[in-house]
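Just so we're aligned: 76 in this note's numbering is position 66 of the sequence shown, and the numbers increase by one with no gaps anywhere.
Since the structure comes first, as structure tokens, the remarks are kept for the end.
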Amino acid sequence: MSDKNNFNQNNFIPAENIKQLISDIKEKKELKELSADFVREHLFQILNAQPKLTQELISNFNPRSSAYKTILKNVRAKLRRVYGLFRVEKENKDRKNLFKELLISPQPKWNRLIINILETHSSTKERLPFYKQLYPKIFKISGKPKTIIDLGAGINPFSLSYLNLNELNYYAYDLSEEEVEMLNKFFGLIHTQNKEINAQAAILDLMNFVKLKELIKADVCFLFKMTDVLDRGQGHKTSEIIISNIPASYVVVSFPTLTMSGKKMNHPRRKWIELMSQRLGYDYKILEFSNEIFYILKK
11 MSDKNNFNQN NFIPAENIKQ LISDIKEKKE LKELSADFVR EHLFQILNAQ
61 PKLTQELISN FNPRSSAYKT ILKNVRAKLR RVYGLFRVEK ENKDRKNLFK
111 ELLISPQPKW NRLIINILET HSSTKERLPF YKQLYPKIFK ISGKPKTIID
161 LGAGINPFSL SYLNLNELNY YAYDLSEEEV EMLNKFFGLI HTQNKEINAQ
211 AAILDLMNFV KLKELIKADV CFLFKMTDVL DRGQGHKTSE IIISNIPASY
261 VVVSFPTLTM SGKKMNHPRR KWIELMSQRL GYDYKILEFS NEIFYILKK
């Protein structure tokens, strides 16, 4: 790592000060699990976008100064918007306790504990009634995959058994260091029971298009309920760039079909992804369940 982080040609903030900024940003409990690299990237974006505050910080690096506090406030707000950090603390605590129990439990108890873990997040809980139908229907379209990548995975990889595949290379990517660590322990557990299931999890910011393109080539990619987070209400260009850069033969993109109040959407289909597919020459098929719609894109 360089000792200096340049924001223009003449000024810099020393690396030790950047490290302190990142540490202070992550003091908020809802931000603790984010990787330092992800926080650093968004910190730099704020510093570049607010040169006056940055100059104040360079001239007087003081954690008690208004410039310092404003930078922290702005970066935290940006991280919450980008990552959608509104996770329920009790659910996270329950998940940790369930996972600890899973690690020490005999295999006959795994299935119930895994279901309980999937119930700790709204998206995976909502899929539990149809996980067993979802994956076979996807693979009927894509063919049985040997390699899957799961982007913005969260705890979806705990549904691994529903894939019903005896041989598989599975790569899960997320921003949460805590969840990545948990997934890798879970994958190790699965591998002890089936040596043909090779899975690993890693940190990845989907906005880093270069790293995205460098991922291992996959048969199928899961991109479940991620495009709204990626686009941030500013059109769909970001999602289009990400989808086009994903190195997979099939990309499965999903969207909720219920409103925030739990009512069925009048128009659950996403016209923009259908038009995008036509423009880019992708074939697509649609799977619709009670609360989620899946577009299977053939690139």
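Heads up, the beta-carbon is just placed ideally off N, CA and C, and yes, glycines get one too.
Distance between residue j and residue i (C-alpha atoms, nearest Å)
i, j, result
"residue 103", "residue 53", "28 Å"
"residue 297", "residue 149", "12 Å"
"residue 142", "residue 156", "19 Å"
"residue 137", "residue 170", "13 Å"
"residue 35", "residue 187", "16 Å"
"residue 82", "residue 31", "7 Å"
"residue 247", "residue 238", "11 Å"
"residue 75", "residue 84", "14 Å"
"residue 161", "residue 304", "15 Å"
"residue 299", "residue 181", "25 Å"
"residue 280", "residue 291", "17 Å"
"residue 216", "residue 192", "20 Å"
"residue 147", "residue 306", "10 Å"
"residue 27", "residue 71", "8 Å"
"residue 139", "residue 132", "13 Å"
"residue 88", "residue 252", "20 Å"
"residue 319", "residue 234", "As displayed, the chain neither begins before 11 nor continues past 309, which places residue 319 out of reach and without an answer."
"residue 308", "residue 286", "12 Å"
"residue 125", "residue 115", "14 Å"
"residue 56", "residue 242", "17 Å"
"residue 109", "residue 293", "39 Å"
"residue 263", "residue 66", "44 Å"
"residue 250", "residue 51", "22 Å"
"residue 225", "residue 183", "10 Å"
"residue 41", "residue 29", "15 Å"
"residue 118", "residue 204", "15 Å"
"residue 189", "residue 61", "35 Å"
"residue 22", "residue 130", "43 Å"
"residue 73", "residue 37", "13 Å"
"residue 11", "residue 63", "Reliability of the predicted coordinates at residue 11 is poor, the pLDDT of 38 falling under 50, and the value obtained from them is presented with this limitation in mind. Computed Cα separation, rounded: 24 Å."
"residue 266", "residue 272", "10 Å"
Cβ neighbour criterion (16 or more within 10 Å) applied to residue i
i, result
"residue 43", "buried"
"residue 16", "Here residue 16 scores only 44 on pLDDT, less than 50, and its place in the model should not be relied on; the value that follows carries that caveat. Exposed."
"residue 91", "exposed"
"residue 220", "exposed"
"residue 58", "exposed"
"residue 222", "buried"
"residue 164", "buried"
"residue 96", "Bear in mind that the predicted position of residue 96 carries a pLDDT of just 48, short of 50, making it unreliable; the figure below should be weighed with that in mind. That one is exposed."
"residue 214", "buried"
"residue 269", "exposed"
"residue 202", "exposed"
"residue 312", "In the structure as shown, the chain begins at 11 and stops at 309. Residue 312 is therefore absent and cannot be evaluated."
"residue 69", "exposed"
"residue 24", "exposed"
"residue 128", "buried"
"residue 47", "exposed"
"residue 176", "exposed"
"residue 144", "buried"
"residue 111", "exposed"
"residue 107", "exposed"
"residue 122", "exposed"
"residue 33", "exposed"
Range of the contiguous alpha helix (DSSP H) that encloses residue i
i, result
"residue 200", "187-203"
"residue 68", "61-69"
"residue 222", "219-223"
"residue 178", "Note, residue 178: premise wrong, no alpha helix (DSSP H); beta strand (DSSP E) at 178-184."
"residue 216", "Taken as a continuous stretch (DSSP letters only), residue 216 belongs to no alpha helix (DSSP H), as it is neither H nor E."
Residue i: first and last residue of the uninterrupted beta strand (DSSP E) it sits in
i, result
"residue 210", "207-213"
"residue 23", "22-24"
"residue 43", "Premise fails: residue 43 is in no beta strand (DSSP E) and is neither H nor E."
"residue 240", "Where residue 240 is concerned, there is no enclosing beta strand (DSSP E), although the alpha helix (DSSP H) it sits in stretches over 237-241."
"residue 173", "Neither: residue 173 is in no beta strand (DSSP E) and is coded neither H nor E."
"residue 232", "228-234"
"residue 37", "Careful: residue 37 lies outside any beta strand (DSSP E) and carries neither H nor E."
"residue 119", "Taken as a continuous stretch (DSSP letters only), residue 119 belongs to no beta strand (DSSP E), as it is neither H nor E."
"residue 294", "293-298"
"residue 308", "302-308"
Query raised in the report: Fully enclosed by the segment 122-169, which alpha helix (DSSP H) runs are 4 residues long or longer?
Result: Counting only runs of 4 or more, we get 132-137, 141-152.
Report task. Would you list, in sequence order, the uninterrupted alpha helix (DSSP H) runs of no fewer than 4 residues that lie entirely inside the segment 243-287? Result -> Here the runs fully enclosed are 247-255.
Report task. Mind the definition here: the segment 221-233 touches the segment 193-210 only if three or more C-beta pairs lie below 8 Å; say whether that holds. Result -> They do not touch, by the three-pair rule.
Query raised in the report: Is it true that the segment 276-286 meets the segment 207-222, where meeting means three or more beta-carbon pairs spaced less than 8 Å apart?
Result: No: fewer than three Cβ pairs fall under 8 Å.
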